[in-house]
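*Asks:* Numbering (UniProt numbering), first residue to last: 1 to 261. Even glycine gets a Cβ: it sits at the ideal position worked out from N, Cα and C. No experiment lies behind these values; they were computed from the predicted model shown. Below are the structure tokens for one structure; questions will follow.
As structure tokens, this is what we get:
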């Protein structure tokens, strides 16, 4: 579920639309506009989990102060939702019970839960993708990867400015890799994760969500302040990388990573 608590897994199936279960659901307001932790940091307190591997498994929602809720995948009809400035997309409302649960858990009226049942309905930015590429409810592309070497370099820069190191969870990547030089991913053309080949789309332009500590919900100045000094171009700050799968397959912790430049 988009913008909720991070969940680590030891393996996951990667489809053309991203990791199974990743950002299939999201919160919208009464007008159908996406609500994320940028505007509502309390979303980080919600745990959203599909306990089984089957595509038809329900969603289990948990949050402090409210009873857990099991949400079945809805059958329709579809409605229109807007994600930032992108074209409207079709989603299916989860229903009144899920909406009421969200409003109680977050203390905000008018919130609704929606599900992306068909990611092929959402096309990607043609400047960085090919016809037929698609995603679910990710901000931009099906998969994001963070290099620990790059994170270590960033944390060194932050420390030089008197700040504290940030954990990888602050960047909310799908996949974490290690073993290359810092920011080598800037030069990738493609990369193989396990048995799956993915195209390097573009670096990730970082937003204010990275400023929010997901545990305390406190908002600071890092990493945007340091990225602005070392990783700023085209008016944006950059860290991590977007990838687009050319196939499907199982990914697991410990898989080999082979990059092509």
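In three-state DSSP terms, what is residue 96?
*Replies:* helix
*Asks:* So which of 230, 131, 114 has the shortest CA-CA distance to residue 59?
*Replies:* 114
*Asks:* Report yes if the CB atom of residue 145 is closer than 8 Å to the CB atom of residue 125, and no otherwise.
*Replies:* No, the pair does not count as a contact, with Cβ atoms beyond the cut-off.
*Asks:* Tell whether a beta-carbon distance below 8 Å holds between residue 210 and residue 183.
*Replies:* no
*Asks:* If I measure Cβ to Cβ from residue 4 and keep anything under 6 Å in the same chain, skipping five residues before and after, which residues do I get?
*Replies:* 43, 46, 48
*Asks:* Give me, in chain order, the residues of the same chain whose beta-carbon lies closer than 7 Å to that of residue 197; leave out the 5 immediate sequence neighbours on both sides.
*Replies:* 190, 246, 247
*Asks:* Would you call the stretch 115 to 123 and the stretch 144 to 158 touching, i.e. three or more CB-CB distances under 8 Å?
*Replies:* no
*Asks:* Determine which residues share a DSSP beta bridge with residue 205 and list them.
*Replies:* 238
*Asks:* When you compare the CB positions of residue 136 and residue 33, do they come within less than 8 Å of one another, or not?
*Replies:* no
*Asks:* Let me know the beta strand (DSSP E) ranges lying completely inside the UniProt domain "MOSC" (117 to 260), each 3 residues or longer, listed in chain order.
*Replies:* Qualifying beta strand (DSSP E) stretches, in chain order: 143 to 147, 175 to 177, 190 to 193, 196 to 205, 236 to 245, 249 to 252, 257 to 260.
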